[in-house]
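Residue 52 is where the sequence shown starts when you use the numbering used here, and the numbers rise one by one after that. Working notes, structure below.
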Amino acid sequence: MSQLTLAKAKEILPKYTTEDHLFTHAMAVSAAMGAMADYFHADKDHWEAIGYLHDVDYEKYPNEHCHHVREFLEPEGVDEEDINTIISHGWGICDNDVEPTTDMEKSLFTVDELTGVVMAYALMRPEGITGMELKGLKKKFKDKRFAAGCNRDVIKKGFEMLGLDAGVVMQACIDGMTAHKEELGLK
């Protein structure tokens, strides 16, 4: 069993990341991964830790993202399986060959981009994420001009890899991020 916990991930990330928006994104992905862990009856803390660390090399190497994860995390004592899981979220995007094969890897691949759509929608709503309904999120997801930087093709590929209906994953993101709305500034 992996020793990586969310507490450990929160110790590691500040060593390599300084930008506030990257910490917010880390928390959003962590929250969504926790909800996906609940769906799969998996270790929630471990999945949240993976979500929190997924962009550990992004600030320093934005054009080589996922290619420096190992050099940052091996010295921190993160095991090979967890390192590969984190690297896999860039499959087909960051020119790496670690294909997502586990439920955790497929979930990370999918929610990384999807949390951006959820976050953008929550920020435009007067009530934030509170009371966000799946129907409204699906409508925003279909509008390619909304949160245009979030790659819908990657998200859809993730739904397919997971073998889950889009609504199941979207609802998990809403639920996970709602549970952490104060930390995410989405009250």
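All C-beta atoms in this analysis are idealised placements derived from N, C-alpha and C, irrespective of residue type, glycine included.
Given residue i as reference, the closest of the options once Cα atoms are compared
i: Lys111; options: Ala100, Tyr103, Ile101 and Phe123; result: Phe123
i: Tyr90; options: Lys232, Glu184 and Leu213; result: Leu213
i: Glu115; options: Met175, Leu237 and Ile144; result: Ile144
i: Glu233; options: Trp98, Glu184, Lys59 and Glu178; result: Glu178
i: Glu184; options: Asp226, Arg203 and Asp194; result: Asp226
i: Pro126; options: Asp216, Lys66 and Glu70; result: Lys66
Whole-number beta carbon distance between residue j and residue i, since they are thought to touch under 8 Å
i: Ala223; j: Ala83; result: 7 Å
i: Leu188; j: Met221; result: 5 Å
i: Leu104; j: Leu73; result: The pair is not a contact, with the Cβ atoms about 11 Å apart (cut-off 8 Å).
i: Ala171; j: Phe197; result: 7 Å
i: Val168; j: Lys191; result: 6 Å
i: Lys95; j: Gly102; result: Wrong, their Cβ atoms sit about 10 Å apart, outside the cutoff.
i: Val149; j: Ser139; result: 4 Å
Residue i vs residue j beta-carbon contact at 8 Å
i: Ala100; j: Leu159; result: no
i: Val80; j: Asp163; result: yes
i: Thr161; j: Gly218; result: no
i: Thr136; j: Glu156; result: yes
i: His119; j: Asp108; result: yes
Closer than 7 Å: residue i CB and nearest the ligand HEM heavy atom
i: Ser139; result: Judged by which ligands are present, the structure shown has none, so any question about the ligand HEM falls away.
- Item | Complete runs of the alpha helix (DSSP H) confined to the stretch 188-218 [at least 4 residues] | If one requires a minimum length of 4 residues, the alpha helix (DSSP H) runs lying completely within the stretch 188-218 are 203-213, in chain order.
- Item | Continuous alpha helix (DSSP H) assignments of at least 4 residues falling wholly in the stretch 89-154 | Complete alpha helix (DSSP H) runs here, min 4: 95-104, 120-124 and 131-139.
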